[in-house]
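What follows is a single structure, written as structure tokens, with notes after it.
2 protein chains.
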Amino acid sequence: MKLALDAMGGDNAPKINIDGAKLVLEKQESIKSIYLVGDESILRKACDAAGIGSNPKLQIVHAPEVVSMEESGLAAVRQKKHSSMSLAVDLVKSGECAAVISAGNTGAAVAASTIKLRLLEGVERAGIVSPMPSVHGYVLVSDTGANPDAKPSHLIGYAVMSAMMARYIYNRPMPNVAVMSNGTEDCKGSEFSKEAYRLLKMLDEQALLPFHFTGNCEGHDLFETELDVALTDGFTGNILLKSVEATAKAFSHWLKAGIKKSPIAMISAIGMRSVFRSIAESMSADSVGGCPLMGVNGVSIIAHGSANGTAILNACRMAEGMHRHNVNDRIIEAMARINPALHGLH
Amino acid sequence: MKLALDAMGGDNAPKINIDGAKLVLEKQESIKSIYLVGDESILRKACDAAGIGSNPKLQIVHAPEVVSMEESGLAAVRQKKHSSMSLAVDLVKSGECAAVISAGNTGAAVAASTIKLRLLEGVERAGIVSPMPSVHGYVLVSDTGANPDAKPSHLIGYAVMSAMMARYIYNRPMPNVAVMSNGTEDCKGSEFSKEAYRLLKMLDEQALLPFHFTGNCEGHDLFETELDVALTDGFTGNILLKSVEATAKAFSHWLKAGIKKSPIAMISAIGMRSVFRSIAESMSADSVGGCPLMGVNGVSIIAHGSANGTAILNACRMAEGMHRHNVNDRIIEAMARINPALHGLH
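Same order as they appear, the protein sequences are chains C and R.
If you count the first sequence from 1, position 320 lands on 325 in the working numbering, and the numbers rise without skipping.
If you count the second sequence from 1, position 209 lands on 214 in the working numbering, and the numbers rise without skipping.
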């Protein structure tokens with residue numbers, strides 16, 4: 006497969022993207038070509054410095070503009086037609102590449118992918134699927150920010166898209182899918198979550214769902230139960246995701262502060278280093294790499310702004326897996342079965 | 006002040022409530038009387054066993070019924086008129102006690118307090134205010150579950166109630182208050198959060214707010230910035246709160262699992278014990294004690310189901326502080342200034 010990398014995206018761009026490309030060249034043979042999109046002279050120099058300047062799998066595509074992290078996503082797509090992000094998405098739109106990866110402005114990545122690639126047949130809205138570490142592996146939360154004002158029916162699409170991710174990328178053939186709520190009982194929830202629950206239950210009773218619908222779930226179920234997919238609107242999902250990331254950071258902060266206060270703890274911490282490192286790795290967004298924006302015609306992975314080279318490698322691997330398993334075709338097929346019943350229900 | 010304790014509430018009731026009452030008797034002189042509400046013979050024995058059976062500050066009020074953790078809150082209030090929770094709230098309603106504390110069924114505590122005590126003058130909806138530890142102390146999140154389908158105007162009341170908690174209980178004279186959103190820019194948010202933002206901004210421009218409105222905040226601001234109050238609907242707030250609690254638990258789980266795997270780490274962990282203990286304490290709900298249900302006519306504190314005696318003591322101390330500072334009167338005054346402008350805006 007061929008892959009477009011928004012080389013100017015991310016807090017430490019282009020370095021992280023050059024590092025990532027180098028790792029892909031070394032470790033992921035199935036990726037036949039990487040298009041690095043960004044300022045040609047900067048990228049040329051950076052590739053030479055990294056010792057990959059003459060690698061035949063690498064192509065540099067010049068993009069004179071860059072979308073900053075602060076810009077409005079929609080405005081950036083409309084006004085900066087020659088940004089590295091826009092041109093990277095264009096490579097997927099034209100069919101030259103199968104996937105685009107960007108660690109840049111999330112809003113702009115969502116807008117560019119949705120506007121340029123358009124929605125998959127049968128999908129109402131695109132959604133971001135965020136893999137979060139749990140004690141059982143990963144739980145996929147969707148949507149985490151593409152669509153803050155979701156309708157209940159949008160969650161059906163998120164459920165199918167996330168379930169296909171769980172099946173093909175996280176090796177969960179019949180994933181457990183639940184609706185996030187403020188209580189697990191059927192009667193609990195907001196009007197929004199209760200309606201989503203009702204739609205899923207009716208589709209489940211007609212045996213139309215390609216996953217196991219388990220009902221409502223609460224915040225703690227994300228970590229503690231054998232849950233594979235948790236569904237919510239992009240507003241709640243985004244707040245949830247950032248709060249969980251921040252809790253993990255706060256925990257580290259308190260740990261470091263506590264260690265500094267006590268000489269015995271400081272010495273003991275040395276013996277704990279491998280444990281701390283393994284927790285940091287399992288909680289780090291870098292080991293996941295990125296979150297796919299699902300429901301668009303193509304593969305679009307949004308990496309964290311603070312991504313490093315390893316994160317970019319992992320995001321590229323996720324893209325390769327989604328492409329190899331034809332995840333988008335599986336979504337189209339599932340939605341074709343579901344939609345007649347779903348639209349009959351409305 | 007006099008205080009009613011739902012002695013049958015909590016996963017480990019009545020033990021935790023007896024433990025809590027004993028600690029209050031030992032450490033909190035300003036609480037002149039504790040009414041333990043629950044099964045008289047069980048409570049009598051438990052008090053005797055704890056050595057507080059003949060303490061003149063303690064009164065046992067017999068309640069033949071108990072609300073279980075699984076019951077629907079509203080149904081429990083309607084059907085079990087003689088539950089320990091209902092009768093404890095009745096003691097506040099009649100004016101006999103100034104505050105009620107329960108570690109029982111949250112939905113039932115919200116329903117009983119709202120129905121029996123009624124709303125404070127000028128308050129549209131009651132909300133739960135949850136103090137969460139941050140690197141700067143505490144941030145108060147409201148609402149965390151009383152009202153899953155909030156209207157934007159309800160957040161004005163939550164803002165005032167939480168700000169008064171921040172001022173009088175957490176010693177923040179001019180608290181920083183923000184609306185939770187999926188981005189900090191003015192334009193970010195759901196239709197709901199954007200309307201709440203607009204209302205707060207207009208009230209702020211008229212200098213009617215008894216706090217500093219700082220705009221939007223994201224999940225990570227809860228821990229990292231000098232934020233005192235974060236506003237959201239009860240659906241999002243509940244998911245957020247439980248997810249954060251679960252993240253902290255997952256972190257401990259990974260830490261313990263990692264330590265078990267390595268003999269060096271196991272030995273080193275002994276030297277880190279004081280650090281782990283201090284983190285566990287600062288992240289534990291027990292050090293906060295409980296979350297006030299604010300906006301009702303009286304003081305009602307909801308403790309965690311897994312509360313221990315220390316949590317009950319701290320919940321009682323919170324109630325004492327709210328009563329001593331006349332927090333409810335301060336809320337009524339602030340709402341009286343705000344409401345004409347707020348209702349003019351609609």
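Even for Gly, the Cβ is constructed at its ideal location relative to N, Cα and C.
Contact belief for residue i with residue j at Cβ below 8 Å, rounded distance in angstroms
{"i": "V184 of chain R", "j": "N221 of chain R", "result": "6 Å"}
{"i": "G239 of chain R", "j": "N302 of chain C", "result": "Actually they are not in contact, since the Cβ atoms of G239 of chain R and N302 of chain C sit about 38 Å apart, beyond 8 Å."}
{"i": "A308 of chain R", "j": "G15 of chain R", "result": "7 Å"}
{"i": "L354 of chain C", "j": "I174 of chain C", "result": "The first residue shown for chain C is 6 and the last is 351, placing residue 354 of chain C beyond what the model contains."}
{"i": "I336 of chain C", "j": "V97 of chain C", "result": "The pair is not a contact, with the Cβ atoms about 16 Å apart (cut-off 8 Å)."}
Beta strand (DSSP E) segment containing residue i, residue limits
{"i": "C296 of chain R", "result": "G295 to M299"}
{"i": "A308 of chain R", "result": "V304 to A308"}
{"i": "A235 of chain R", "result": "V234 to L236"}
{"i": "S38 of chain C", "result": "S38 to G43"}
{"i": "V184 of chain C", "result": "N181 to M185"}
{"i": "D291 of chain R", "result": "Run containing D291 of chain R: none; DSSP gives neither H nor E here."}
{"i": "A9 of chain C", "result": "K7 to D11"}
Chain C contact for residue i (CB, 8 Å cutoff)
{"i": "E392 of chain R", "result": "No answer is possible for residue 392 of chain R: it lies beyond the span of chain R, which begins at 6 and ends at 351."}
{"i": "G220 of chain R", "result": "no"}
{"i": "T252 of chain R", "result": "yes"}
{"i": "P153 of chain R", "result": "yes"}
{"i": "L243 of chain R", "result": "The amino acid at residue 243 of chain R is misidentified as Leu; the sequence shows Asn. Chain C, which has a Cβ nearer than 8 Å to the Cβ of N243 of chain R, makes this yes."}
{"i": "C192 of chain R", "result": "yes"}
{"i": "L260 of chain R", "result": "yes"}
{"i": "L160 of chain R", "result": "no"}
{"i": "S292 of chain R", "result": "no"}
{"i": "I269 of chain R", "result": "yes"}
{"i": "A255 of chain R", "result": "yes"}
{"i": "S283 of chain R", "result": "yes"}
{"i": "V72 of chain R", "result": "no"}
{"i": "L208 of chain R", "result": "no"}
{"i": "G300 of chain R", "result": "no"}
{"i": "V140 of chain R", "result": "yes"}
Residue range of the unbroken alpha helix (DSSP H) whose run includes residue i
{"i": "I65 of chain R", "result": "Note, I65 of chain R: premise wrong, no alpha helix (DSSP H); beta strand (DSSP E) at L63 to H67."}
{"i": "I272 of chain R", "result": "P268 to G276"}
{"i": "V29 of chain C", "result": "K20 to K32"}
{"i": "N319 of chain R", "result": "G314 to R329"}
{"i": "A81 of chain C", "result": "G78 to Q84"}
C-beta neighbour in chain R for residue i, strict 8 Å
{"i": "V82 of chain C", "result": "no"}
{"i": "N181 of chain C", "result": "no"}
{"i": "I272 of chain C", "result": "yes"}
{"i": "K247 of chain C", "result": "yes"}
{"i": "A164 of chain C", "result": "no"}
{"i": "M277 of chain C", "result": "yes"}
{"i": "M185 of chain C", "result": "yes"}
{"i": "I336 of chain C", "result": "no"}
{"i": "G224 of chain C", "result": "yes"}
{"i": "S198 of chain C", "result": "yes"}
{"i": "F240 of chain C", "result": "yes"}
{"i": "G314 of chain C", "result": "no"}
{"i": "L227 of chain C", "result": "yes"}
{"i": "V280 of chain C", "result": "yes"}
{"i": "S107 of chain C", "result": "no"}
Rounded C-alpha distance that separates residue i from residue j
{"i": "N8 of chain R", "j": "A93 of chain R", "result": "Looking at the sequence provided, one finds Leu at residue 8 of chain R rather than Asn. Cα to Cα, the separation comes out at about 9 Å."}
{"i": "K199 of chain R", "j": "A320 of chain R", "result": "34 Å"}
{"i": "Q64 of chain R", "j": "I21 of chain R", "result": "17 Å"}
{"i": "R322 of chain R", "j": "A12 of chain R", "result": "17 Å"}
{"i": "H67 of chain C", "j": "M90 of chain C", "result": "11 Å"}
{"i": "N313 of chain R", "j": "D291 of chain R", "result": "7 Å"}
{"i": "I306 of chain C", "j": "A255 of chain C", "result": "27 Å"}
{"i": "F216 of chain C", "j": "K121 of chain C", "result": "30 Å"}
{"i": "G263 of chain R", "j": "Y163 of chain R", "result": "41 Å"}
{"i": "P69 of chain R", "j": "C102 of chain R", "result": "20 Å"}
{"i": "G349 of chain C", "j": "S135 of chain C", "result": "30 Å"}
{"i": "K50 of chain C", "j": "S73 of chain C", "result": "22 Å"}
{"i": "V234 of chain C", "j": "D148 of chain C", "result": "11 Å"}
{"i": "A155 of chain R", "j": "I161 of chain R", "result": "11 Å"}
{"i": "G127 of chain C", "j": "P61 of chain C", "result": "39 Å"}
### Task
Go through the stretch 190-231 of chain R residue by residue and report every complete run of the beta strand (DSSP E) that reaches 3 residues or more, in order.
217-222
#### Entry: Whole alpha helix (DSSP H) elements within the stretch 86-171 of chain R, 4-residue minimum
89-98 and 111-117
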